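Q:
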Amino acid sequence: MEILFSDFFQRALAGGLLIGITAPLIGVFLVLRRLSMIGDTLAHVTIAGVALGFLAGFYPLGAGLIFAVAASFAIEKLRKAYKSYAELSIAIIMSGGVALASLFFTLGKGYNADVMSYLFGSIYTLDNTDLLVVGLVTIAVVIVVALFFKEFFLLSFEEDAASVSGLPVKLLNMLITILTALVISTAIKIVGSLLVSALLTIPVAISLLLSRSFKSSVIVSVVIAEIAVVGGLVVAGIWNLAPGATIVLLLIAMLALTLIGKKGLPT
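Numbered by the numbering used here, the letters in the sequence shown go through residues 637 to 903 in order.
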């Protein structure tokens with residue numbers, strides 16, 4: 637139990653709680669817009685940036701963040717170019733991200749072990765700089781979502797109606813994609829690029845089963861994510877397990893229990 641009061645665990649808990657706010661907060665809009673897979677895409681691109689950061693001697697998380705934001709612009713451009721096949725943008729950028737990551741892995745064989753920690757998460761290695769970056773991203777996401785909540789709501793349910801009503805749809809789309817890039821690039825060190833999509837989508841999947849309004853689904857998804865982060869970290873800390881995997885498995889268990897509970901309730 638002593639590990640729960642250690643400095644590195646407290647930093648891990650702080651970082652996890654912050655991501656527990658931002659990931660489902662953005663994930664709600666992604667799920668409703670049927671863009672859940674954008675999380676995996678930007679995570680792969682972020683890993684390419686992290687690998688380049690290690691090669692160039694640059695702050696890896698910062699390099700990953702830059703790559704993710706650049707990829708978000710590319711995704712929006714491709715979505716407009718292929719309006720009837722919007723999912724192509726995700727597939728194309730993901731392919732490019734995987735290719736770049738593979739190339740940088742080959743060039744920097746000595747850094748592969750460090751990069752691998754970003755694939756599966758290394759929340760216990762968070763330092764004060766990492767926490768500062770995650771904190772700033774959290775503040776930015778919360779402020780932007782609060783300011784444009786109604787606009788994002790309309791955009792998520794009916795983009796054409798949002799355009800007709802005079803909303804700057806192009807700008808709002810870009811804003812959501814950039815926020816997604818920021819969240820994912822800061823979350824990969826916490827749960828890993830291979831699992832980050834789960835933190836974006838599973839809390840939302842649970843909240844959609846439990847909530848009766850859009851606002852309540854947003855709140856419930858954040859609460860679910862925070863419970864999973866705290867519970868997953870405590871379990872991982874006590875039994876010496878992989879924290880990112882424990883958080884995600886706890887989320888899946890919560891989803892399974894919710895589905896069982898809903899099935900048993902009268903409709």
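Heads up, the beta-carbon is just placed ideally off N, CA and C, and yes, glycines get one too. Quick caveat, the model's predicted, so the values are computed rather than measured.
Classify R647 as helix, strand or coil using the three-state DSSP reduction.
A: Locating residue 647 in the sequence shown gives position 11, counting from the first residue. Of the three classes helix, strand and coil, the one that applies to R647 here is helix, per DSSP.
Q: Which residues in the same chain as M730 place their Cβ atom closer than 6 Å to its Cβ, once the five residues preceding and following it in sequence are excluded?
A: Stepping through the sequence shown from its first residue, residue 730 is reached at position 94. T677 and H680, listed in sequence order.
Q: Quick one: using the 10 Å Cβ neighbour count with 16 as the cut-off for buried, is Y754 buried or exposed?
A: The residue labelled residue 754 in the question sits at position 118 within the sequence shown. Looking at its Cβ environment, which holds 16 or more other Cβ atoms inside 10 Å, Y754 is buried.
Q: Starting from the C-beta of L844, find all residues in its chain whose C-beta is less than 8 Å away, skip the five residues before and the five after it, and write them out in chain order.
A: In the sequence shown, the residue the question calls residue 844 occupies position 208. The residues are V667 and S853.
Q: Report, in whole angstroms, the separation of the C-beta atoms of L869 and V856, which I expect to be a contact under 8 Å.
A: Reading the sequence shown from its first residue, position 233 is the one you call residue 869. Reading the sequence shown from its first residue, position 220 is the one you call residue 856. Going by Cβ atoms, the distance from L869 to V856 rounds to 21 Å, so no, they are not a contact pair.
Q: Whole angstroms is fine: what's the gap from A797's alpha carbon to V777's?
A: By one-based count along the sequence shown, residue 797 stands at place 161. By one-based count along the sequence shown, residue 777 stands at place 141. The alpha-carbon atoms of A797 and V777 are separated by roughly 25 Å.
Q: Measuring alpha carbon to alpha carbon, tell me which residue in S833, L654, L691 and G873 is nearest I639.
A: As a position in the sequence shown, residue 639 is number 3, starting the count at 1. Selected option, being the one with the closest Cα: G873.
Q: How should A648 be labelled, buried or exposed, when 16 other C-beta atoms within 10 angstroms of its C-beta is the threshold for buried?
A: Taking the sequence shown and counting its residues from 1, one reaches residue 648 at position 12. Classification of A648: buried, given that the 10 Å Cβ count is 16 or more.
Q: If you check the beta carbons only, do A823 and A659 fall under 9 Å apart?
A: Position 187 of the sequence shown holds residue 823. Position 23 of the sequence shown holds residue 659. Cβ atoms of A823 and A659: closer than 9 Å.
Q: Among residues of its own chain, excluding the 5 on either side of S829, which ones have a beta-carbon nearer than 7 Å to its beta-carbon?
A: If you number the sequence shown from 1, residue 829 lands on position 193. Excluding sequence neighbours, S829 sits near A679, H680, T682, I683, Y754 and L755.
Q: Per DSSP, what kind of secondary structure is D763 in: helix, strand or coil?
A: Numbered from 1 along the sequence shown, position 127 holds the residue referred to as residue 763. In the structure shown, D763 sits in coil (DSSP, three-state: anything other than H, G, I, E or B).
Q: Helix, strand or coil: how does DSSP classify G757 here?
A: Stepping through the sequence shown from its first residue, residue 757 is reached at position 121. DSSP places G757 in coil when its eight states are reduced to three.
Q: Give me, in chain order, the residues of the same chain whose beta-carbon lies closer than 6 Å to that of T882; leave out the 5 immediate sequence neighbours on both sides.
A: As a first step, residue 882 must be located in the sequence shown, where it is residue number 246. Once the five neighbours on either side are set aside, the close Cβ partners of T882 are G868, V871 and A872.
Q: Pick helix, strand or coil for F784, following the three-state DSSP scheme.
A: Start at 1 with the first residue of the sequence shown, and residue 784 comes out as number 148. It is coil, neither helix nor strand.
Q: Count the other CB atoms, across all protein chains shown, that sit within 10 Å of the CB of G689; report buried if there are 16 or more and exposed otherwise.
A: Counted from its first residue, the sequence shown places residue 689 at position 53. So G689 counts as buried.
Q: Rounded to whole angstroms, how far is the Cβ of L743 from the Cβ of S725, which I believe are closer than 8 Å?
A: Looking up residue 743 in the sequence shown gives position 107. Looking up residue 725 in the sequence shown gives position 89. Contact doesn't hold; Cβ gap of about 27 Å is too wide.
Q: Can you tell me which of A841, L691, T774 and Y760 puts its alpha carbon nearest to the alpha carbon of P879?
A: Along the sequence shown, one-based indexing puts residue 879 at 243. Looking at the Cα atoms, Y760 is the closest of the given residues.
Q: Hey, out of L835, V770, G652 and V805, whose CA is closest to L818's CA?
A: For this step, residue 818 is matched to residue 182 along the sequence shown. That would be V770, whose Cα lies nearest to the Cα of L818.
Q: Excluding the 5 residues flanking L654 on each side, which residues of the same chain have their C-beta closer than 7 Å to its C-beta?
A: Taking the sequence shown and counting its residues from 1, one reaches residue 654 at position 18. Correct list, in chain order: V770, G771 and T774.
Q: Do F789 and F850 have their C-beta atoms closer together than 9 Å?
A: Counting from 1 along the sequence shown, the entry for residue 789 is found at position 153. Counting from 1 along the sequence shown, the entry for residue 850 is found at position 214. Cβ atoms of F789 and F850: closer than 9 Å.
Q: For V780, which of I842, D763 and I662 has the nearest alpha-carbon?
A: Taking the sequence shown and counting its residues from 1, one reaches residue 780 at position 144. Out of I842, D763 and I662, I662 has the C-alpha closest to the C-alpha of V780.
Q: Could you tell me if V800 is buried or exposed, where buried requires 16 or more neighbouring beta carbons within 10 angstroms of its beta carbon?
A: What you label residue 800 is simply residue 164 of the sequence shown in a count that begins at 1. Exposed.
Q: Residues in the same chain with beta-carbon distance under 8 Å from N764, minus the five sequence neighbours each way, listed in chain order, please.
A: Locating residue 764 in the sequence shown gives position 128, counting from the first residue. R647, listed in sequence order.
Q: Pop quiz: G675 and V832 are said to be a contact at Cβ under 8 Å. What is the actual Cβ separation, rounded to whole angstroms?
A: Residue mapping note: residue 675 aligns to position 39 of the sequence shown, counting from 1. Residue mapping note: residue 832 aligns to position 196 of the sequence shown, counting from 1. That belief holds up - the Cβ atoms of G675 and V832 are roughly 6 Å apart, short of 8 Å.
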